[in-house]
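All remarks here apply to the structure that follows.
Chains as they are written, first to last, in our numbering: chain A, 1 to 379; chain B, 380 to 549.
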């Protein structure tokens, strides 16, 4: 590919994510933006390390900027996105990670059962009186089929990974909440690492609804913005999430164990919310909807001046969510082990510097990569 | 005079084992910028902490030069060597740049402990431009097998045999 063509592609992709020339130049460490301008115009060659930084800033790969074929654009479904161009960068990145996952599996001929959204006919939405009943019943069915148990929030991430749904966690600032994606690789969910743990649990459940009903609700009908408010399918997704995370039977059991003289204390409410990994507010709505407690009492909880603080005090108990899904990390290690990528390329796939690889693997509770050079015989 | 190009694992192993001075002694060494950026930090084996690798002094005394080549189709083609053979590894941009450098300069020799890179080099008929870390610093204690002359020879041969099987003979 000629310099001019590389420059043109960089410029196009920069514009797609709404980044100004000066901002990209700053982000990629160019001393002045004129150098980047010259690259975009094809007046100056781009050096390998420069291309590496540019591709990372755009959420793309160097091979693509060097003329690699364009991937089929996969539609990313955002729960909330207040800045379309900023979200685009994370869409690019998510697409690259998902394509990488498929490529890593293909390289070692690893066959996995992809998550495929069910056909509308199999979900039988038409038999329900309304979409809320449909969403709640769907939650019951998936709670069983994904083996989520009494406290679904505790098992949700592991169960979804078991179903080969990739869960990524990125710093989406304040412009984006969760997103979901379906493609030839399977399914993926993107979370905002700045969100509180219970919010992320709810987001995962919410996005799961979109993945399951991918072939039912049209992407244009799914939005949640300041002007138009929350669309109907978004409300169904919330109902699904609430039903999935707070099964009525388990909830009644928990309350039954704690009730004294028909009363329950704030400590119990906080404890139950922790057990189910939801916010105190989400729990109070559910208890109100199930008519376990009165609307008035539940409003009192939600209006408690320190309710947010009570939620935040639980943060220390919550496990940290990793940036990349465990199955993605494991697949990368296996592909390396089988000699299909080098160690430096492995670090690249994991988006980490080579020198920091051992530290990165430690954060996933794995030893350094050299420790994996041994197989055990299955008898 | 022979100029040596280093892969990231060589620098990090030498840094972890206090062999950097020995490595750079009386040699002219080149590292592609994209490799340098991957290898100026290391994870401490004992504590798991990330520590910096001090390479500036070698740049100052002119034994180390950081290079940055223009991105090109040639480098992309090297990077994609694995597509020609299902037994080769996909390599990193920096490793492709190292191979590009030895392809263009017959006085250059590459040192790596990465078996995947060794095989790609054997496959690309560039075996004579490889050198093991053992040859560069001698048979030091605890030298990882991947850095020995024997390992290099074995893997270059594997790559070379793969060329016989899968290579483009036209």
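Glycine residues also receive a C-beta, built at the ideal position from the N, C-alpha and C atoms.
For residue i, list the residues DSSP reports as bridge partners.
{"i": "residue 47 of chain A", "result": "B:449"}
{"i": "residue 422 of chain B", "result": "B:429"}
{"i": "residue 192 of chain A", "result": "A:170"}
{"i": "residue 225 of chain A", "result": "A:229"}
{"i": "residue 183 of chain A", "result": "A:186"}
{"i": "residue 411 of chain B", "result": "B:446"}
{"i": "residue 385 of chain B", "result": "B:490"}
{"i": "residue 509 of chain B", "result": "B:489"}
{"i": "residue 76 of chain A", "result": "A:181"}
{"i": "residue 153 of chain A", "result": "DSSP lists no partner for residue 153 of chain A."}
{"i": "residue 81 of chain A", "result": "A:176"}
{"i": "residue 469 of chain B", "result": "A:341"}
Can you find a CB in chain B that lies within less than 8 Å of the CB of residue i?
{"i": "residue 63 of chain A", "result": "yes"}
{"i": "residue 353 of chain A", "result": "yes"}
{"i": "residue 362 of chain A", "result": "yes"}
{"i": "residue 350 of chain A", "result": "no"}
{"i": "residue 287 of chain A", "result": "no"}
{"i": "residue 69 of chain A", "result": "no"}
{"i": "residue 344 of chain A", "result": "yes"}
Where does residue i sit, in a helix, a strand or coil, going by DSSP?
{"i": "residue 260 of chain A", "result": "strand"}
{"i": "residue 276 of chain A", "result": "helix"}
{"i": "residue 477 of chain B", "result": "helix"}
{"i": "residue 214 of chain A", "result": "coil"}
{"i": "residue 265 of chain A", "result": "coil"}
{"i": "residue 1 of chain A", "result": "coil"}
{"i": "residue 330 of chain A", "result": "helix"}
{"i": "residue 303 of chain A", "result": "coil"}
{"i": "residue 495 of chain B", "result": "helix"}
{"i": "residue 176 of chain A", "result": "strand"}
{"i": "residue 39 of chain A", "result": "helix"}
{"i": "residue 165 of chain A", "result": "strand"}
{"i": "residue 96 of chain A", "result": "helix"}
{"i": "residue 398 of chain B", "result": "coil"}
Go ahead and label residue i buried or exposed: buried means 16 or more other beta carbons lie within 10 angstroms of its beta carbon, across all protein chains shown.
{"i": "residue 249 of chain A", "result": "exposed"}
{"i": "residue 524 of chain B", "result": "exposed"}
{"i": "residue 509 of chain B", "result": "buried"}
{"i": "residue 547 of chain B", "result": "exposed"}
{"i": "residue 435 of chain B", "result": "exposed"}
{"i": "residue 380 of chain B", "result": "exposed"}
{"i": "residue 112 of chain A", "result": "exposed"}
{"i": "residue 480 of chain B", "result": "buried"}
{"i": "residue 41 of chain A", "result": "exposed"}
{"i": "residue 417 of chain B", "result": "buried"}
{"i": "residue 363 of chain A", "result": "exposed"}
{"i": "residue 143 of chain A", "result": "buried"}
{"i": "residue 80 of chain A", "result": "buried"}
With a threshold of 8 Å between beta carbons, is residue i in contact with chain A?
{"i": "residue 435 of chain B", "result": "no"}
{"i": "residue 463 of chain B", "result": "no"}
{"i": "residue 453 of chain B", "result": "no"}
{"i": "residue 510 of chain B", "result": "no"}
{"i": "residue 519 of chain B", "result": "no"}
{"i": "residue 547 of chain B", "result": "no"}
{"i": "residue 438 of chain B", "result": "no"}
{"i": "residue 395 of chain B", "result": "no"}
{"i": "residue 495 of chain B", "result": "yes"}
{"i": "residue 420 of chain B", "result": "yes"}
{"i": "residue 469 of chain B", "result": "yes"}
{"i": "residue 473 of chain B", "result": "yes"}
{"i": "residue 538 of chain B", "result": "no"}
{"i": "residue 533 of chain B", "result": "no"}
{"i": "residue 481 of chain B", "result": "no"}
{"i": "residue 484 of chain B", "result": "no"}
The ligand FAD and residue i: does any heavy atom of the ligand fall closer than 7 Å to the residue's C-beta?
{"i": "residue 347 of chain A", "result": "By its list of ligands, the structure shown contains no ligand whatsoever, and the ligand FAD lies outside what it can speak to."}
Less than 8 Å between the CB atoms is what I'm expecting for residue i and residue j, so what's the real figure, rounded?
{"i": "residue 181 of chain A", "j": "residue 76 of chain A", "result": "5 Å"}
{"i": "residue 283 of chain A", "j": "residue 244 of chain A", "result": "About 14 Å separates the two Cβ atoms, so there is no contact after all."}
{"i": "residue 474 of chain B", "j": "residue 344 of chain A", "result": "6 Å"}
{"i": "residue 59 of chain A", "j": "residue 96 of chain A", "result": "7 Å"}
{"i": "residue 207 of chain A", "j": "residue 131 of chain A", "result": "At roughly 17 Å, the Cβ-Cβ gap does not stay under 8 Å, so residue 207 of chain A and residue 131 of chain A are not in contact."}
{"i": "residue 69 of chain A", "j": "residue 17 of chain A", "result": "Not confirmed; about 20 Å, so no contact."}
{"i": "residue 497 of chain B", "j": "residue 534 of chain B", "result": "4 Å"}
{"i": "residue 108 of chain A", "j": "residue 322 of chain A", "result": "Going by Cβ atoms, the distance from residue 108 of chain A to residue 322 of chain A rounds to 22 Å, so no, they are not a contact pair."}
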